[in-house]
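Inspection log for the structure reproduced underneath, given as C-alpha cells.
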Amino acid sequence: MELINKSALELHDLLDKKEITSREIVEAYIKRIEALEPKLNSFVTLTLEQALEDADKADEMIKNKTSTTFTGIPIAIKDNMCTYHVKTTCSSKMLQDFKPPYDATVIAKIKKAGMPILGKTNMDEFAMGSSTETSFFGPSKNPWDLERVPGGSSGGSAAAVAAKQAPLALGSDTGGSIRQPAALTGVVGLKPTYGLVSRYGLIAFASSLDQIGPFTRDVADSAALLNMLAGYDPKDTTSLPNKRSDYLQALGKEIRGLRVGLPREFFGEGLDKEVEKAVLKAIDALATEGAQIVEIDLPYSKKALAAYYLIATAEASSNLARLDGVRYGHRSENQKDSVTMFKHSRAEGFGPEVKRRIMLGTYALSAGFYDAYYLKALKVRTLIKNDFDAAFKKVDVIVTPTTPSVAFKFGEKVLDPLAMYLSDVYTTTANLAGIPAMSMPAGLTKEKLPIGVQIIAPALAEEIMLNTAYTLEKAIGTIGLPTLEV
Ligand code: GLN
530 MELINKSALE LHDLLDKKEI TSREIVEAYI KRIEALEPKL NSFVTLTLEQ
580 ALEDADKADE MIKNKTSTTF TGIPIAIKDN MCTYHVKTTC SSKMLQDFKP
630 PYDATVIAKI KKAGMPILGK TNMDEFAMGS STETSFFGPS KNPWDLERVP
680 GGSSGGSAAA VAAKQAPLAL GSDTGGSIRQ PAALTGVVGL KPTYGLVSRY
730 GLIAFASSLD QIGPFTRDVA DSAALLNMLA GYDPKDTTSL PNKRSDYLQA
780 LGKEIRGLRV GLPREFFGEG LDKEVEKAVL KAIDALATEG AQIVEIDLPY
830 SKKALAAYYL IATAEASSNL ARLDGVRYGH RSENQKDSVT MFKHSRAEGF
880 GPEVKRRIML GTYALSAGFY DAYYLKALKV RTLIKNDFDA AFKKVDVIVT
930 PTTPSVAFKF GEKVLDPLAM YLSDVYTTTA NLAGIPAMSM PAGLTKEKLP
980 IGVQIIAPAL AEEIMLNTAY TLEKAIGTIG LPTLEV
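Read in order, the letters of the sequence shown correspond to residues 530 to 1015 in the numbering used here.
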C-alpha cells in the first residue's frame, strides 16, 4: 500500500480501522521528503524527528480512542506561522534564527489534534511575491516542471503537497498566496472569509488582508481541514464569533439551480487561451450538473491590483517596522550608535522586494500623499466590496480563472515587478472584499502544466463554495499528480 498516494481522509479511515499506524505514514513521508528535497527545496526547516515522536503519541491517542479526524496525519506549515522553539524565518535573513516563544493558534490546534508537523515550508520573503524567488533560501521548484516556479508566496507548501512530500499543508493568502500557487501546482488551495481562521501567531504582512488556509490534494480534504482550522479565537481581535459549520457535511448536495456568476472582466485581455478554455469547460460542466450560468459585471475589479498594492504595502511598511534589530531578528555588527544599528540591521536583513514594498508603503502613507494614494485605495476597496454585494444578489458563487497564465519559468518575471504583480490580477479582489475564494485544478495544458479555476463565494458561504468545488471535481475528474523521478 503506497501511503503517500492516499488523501488525508483515506489515511484517516485506514488509521481508524487500525490497518496502518501514524508512524508508518510519517516514515513514508520522510522517505519521500529526503528523496525529493534536494530537487524541490520545498522546506526551509525539517522537523522529522519530532514528527516521528508525535506520530507515536498519535498512535497512542488512536489506541485510547481520544483521536479526531486528523490525528496521526502529517502536515507541512508555511514558515510565517509561529511554532514554539522551532525556527520561523518568513524565508528572510532578518528572521533566519528566530525561534518563537509561542505557537500560533492554528499550530496549537494542529498539535492538539495530534498531527505530526513535517517541517516549515519555503515562501517568498515575508510572503511578498508570486514565485518563491524572493526567498532568502533560494526558490522552490514546481514538481510538474523543475524549470518553473511553483507560484507564491506559499510556493513551498504547494510544491510539497503536489510532490507528495506531505498530504496537507497550510499557507497564508494576502492577495492570492494560497490560490495562485495551488493553481500553478495543480492542488486545491482555499482562502477563508477574513476572520474565520485565527491570525494569532501568523507573522503579519498586511493585517487587513491576511488569512491562513489549507492546501490539499482534493476538495474533501480541504473541507475537513477547514473544519479544524475555523473558529473564534479571543487572541485575534478580527476573529469572527461565528457559529460552527461542518464543511465536510456540506459536500455532495445537488447543485441544481445554483446560480454561477461569470464576471466579464475576468475573461479579457492578458488571459492565456488554454487557461480560458479550461475554465469555460469547467463552467460548462457546472451547467451540465444543473447550475444556471449568469454573466455579471464587477466593474471595479479592474482597479483591484492598484488598490491592493497600495493597501498591502502601506500595512506592510507599518508591520515590518518592528524588525529593527532591537528585540529579535537580525542585528547588524555595525553598532556605532542606535540609529546606525537600526539602519544597518534593516539594510542587511531585508531583501530587495521587501525593501521595495516598505518604500512604496511608506510613500503611500506619508503626509503629503496619504489622501491621494492610501485613502483613495481604501475607497476603491469599498467600491470593490459593493460590486460583490451587488453581484451576490444575482448569483450564489462566482467562477473565474485563478491566474492569467500557468507556471512561468525562473527568472521570467523576477526582474520586472509589475509583470510579477499581474499574477495576482484575479485573486486580490477576494482579499479586498474579505470574502472566501478557492482554487482547484481545471485541467492541464498541452505542455502538461496545471490550470486553476477559482470559485468565489459571499462572506461565510464556504459551504456553498466547497460544494460547488466538490461537484466540479466529480464532474471533470482530477488531473492527478506529477510523476517525479525519485
Ligand atoms: N503575490 C502577492 C504579493 O506579492 C500576494 C502575496 C500574498 O498573498 N501573501 O503581494
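We put the CB at the ideal spot given by N, CA and C, even for glycine.
| Asked | Found |
| --- | --- |
| Val-982: first and last residue of the uninterrupted beta strand (DSSP E) it sits in | 979–985 |
| Any non-hydrogen atom of the ligand GLN within 8 Å of Thr-958 CB | no |
| Whole-Å CB distance - Ser-571 paired with Asp-747, under 8 Å assumed | In fact, because the Cβ distance is near 19 Å, the residues do not count as touching under 8 Å. |
| Closer than 8 Å: Asp-945 CB and nearest the ligand GLN heavy atom | no |
| Alpha-carbon to alpha-carbon, Val-789 and Ala-687 | 27 Å |
| Local conformation of Asn-609 per DSSP, three classes | coil |
| Met-870 Cβ short of 8 Å to the ligand GLN heavy atom set | no |
| Cβ-Cβ distance between Gly-681 and Gly-658 below 9 Å | yes |
| Beta-ladder partner(s) of Glu-824, from DSSP | Leu-791 |
| Closer than 8 Å: Ser-659 CB and nearest the ligand GLN heavy atom | yes |
| The ligand GLN heavy atom lying under 8 Å from the CB of Tyr-838 | yes |
| Where Arg-677 sits in the DSSP three-state scheme | strand |
| Whole-angstrom distance between His-614 and Asn-996, CA atom to CA atom | 38 Å |
| Closer than 8 Å: Thr-722 CB and nearest the ligand GLN heavy atom | no |
| Cutoff 7 Å; reference Ser-664; Cβ partners in own chain excluding five residues on either side | Ser-620, Asn-651, Met-652, Asp-653 and Glu-654 |
| Candidates Asp-626, Met-610, Pro-645 and Thr-576: closest to Thr-550 by CA position | Pro-645 |
| Lys-607, buried or exposed, once every other Cβ within 10 Å from all chains shown has been counted against 16 | buried |
| Length of the line joining the Cα atoms of Ile-812 and Ala-735 | 33 Å |
| Rounded separation between Val-804 and Thr-974 - CA only | 8 Å |
| C-alpha gap between Ala-896 and Arg-875, whole angstroms | 23 Å |
| Three-state class that DSSP yields for Asn-756 in the structure shown | helix |
| Residues near Gln-625 by beta carbon distance below 6 Å, same chain, minus five either side | Thr-618 |
| Start-end ranges of the alpha helix (DSSP H) lying completely within the segment 866–950, minimum 4 residues | 867–878, 881–894, 905–923 and 946–950 |
| Residue range of the beta strand (DSSP E) that includes Ser-968 | 966–973 |
| Beta-bridge pairing of Lys-720 - partner residues as DSSP gives them | Ala-966 |
| Span of the alpha helix (DSSP H), counted from its first residue to its last, around Asp-583 | 577–592 |
| Counted within 10 angstroms of its Cβ, other Cβ atoms place Ala-901 as buried (16 or more) or exposed | exposed |
| Bounding residues of the beta strand (DSSP E) (the contiguous stretch that carries Lys-649) | 646–650 |
| Distance, Ile-562 Cα to Glu-548 Cα | 23 Å |
| Which residues DSSP lists as bridging Val-615, in chain order | Thr-612 |
| Straight-line Cα distance separating Lys-802 from Val-808 | 10 Å |
| Identity of the residue in Thr-612, Pro-696 and Phe-627 nearest Ile-533 by Cα | Pro-696 |
| For Lys-616, the nearest candidate out of Ile-732, Glu-794, Leu-754 and Leu-947 (CA to CA) | Ile-732 |
| Contact test: Gln-709 Cβ vs the ligand GLN heavy atom, cutoff 8 Å | yes |
| Proximity test, Tyr-950 beta-carbon vs the ligand SAM heavy atom, cut-off 8 Å | Judged by which ligands are present, the ligand SAM is missing from the structure shown, whose ligands are the ligand GLN. |
| Where Gly-684 falls, given that 16 or more other Cβ within 10 Å makes a residue buried | buried |
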